[in-house]
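Step one of this worksheet: look at the structure below.
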Amino acid sequence: MDAKTRFAEVDIRKIETRFSPENLPQNLALVKLLWNWANRKNATPAQIALAWLMAQKPWIVPIPGTTQLPHLLDNIGAIEVQFSQSELAELNASTAAIQIQGARLPDSVLAFSDVEAQPRR
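Counting from 1 along the sequence shown, just add 436 to a position and that's the residue number in the numbering used here.
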């Protein structure tokens, strides 16, 4: 992905403002950070992202979606990536310094955030 990346009509990223032509160049700083850490830890950016999530709290268990076996195998490899406390602090500080532009999800999807199913009677 780079600043020239555009998405197909059926790709949800087409309507996510974080991936809009106006915001994508700014948000690529996070992609660059992931690549830097991936090179540093001999991992892939996806493995860094998943390992970072798992390092936050013991009860955080990411559930990445994929439709391709190579991506599944890549995701599984995240359990091999470990961060020292100083590395984790450095990575957290680096991510906190990046100001992401655009909404997390389209408004039509955000409307369903924090919506709980009705209790069974």
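Don't be surprised by glycine CBs; every beta carbon is placed ideally from N, CA and C.
Coarse secondary structure for residue i, derived from DSSP in three states
| i | result |
| --- | --- |
| phenylalanine 455 | helix |
| glycine 513 | helix |
| glutamate 445 | coil |
| tryptophan 495 | coil |
| methionine 437 | coil |
Nonlocal neighbours in the same chain, by C-beta distance under 8 angstroms from residue i, ignoring five residues either side
| i | result |
| --- | --- |
| isoleucine 496 | Leu489, Met490 |
Among the options, the one whose alpha carbon lies nearest that of residue i
| i | options | result |
| --- | --- | --- |
| proline 498 | Val517, Asn511, Leu527, Trp471 | Asn511 |
| threonine 531 | Asp438, Phe548, Lys468 | Lys468 |
| leucine 466 | Ala485, Ser520, Asp550, Ile451 | Ala485 |
Own chain residues within Cβ distance below 7 angstroms of residue i, not counting five before or after
| i | result |
| --- | --- |
| proline 560 | Any property of residue 560 remains undetermined from this structure, which presents the chain solely from 437 to 557. |
| lysine 477 | Ile484, Val517 |
Cβ-based neighbour list, residue i, same chain, cut-off 6 angstroms, excluding 5 preceding and 5 following
| i | result |
| --- | --- |
| alanine 487 | Ala514, Val517 |
| lysine 450 | Phe443 |
Checklist entry - Does the stretch 458–475 come close enough to the stretch 527–539 to have 3 or more Cβ pairs within less than 8 angstroms? => result yes
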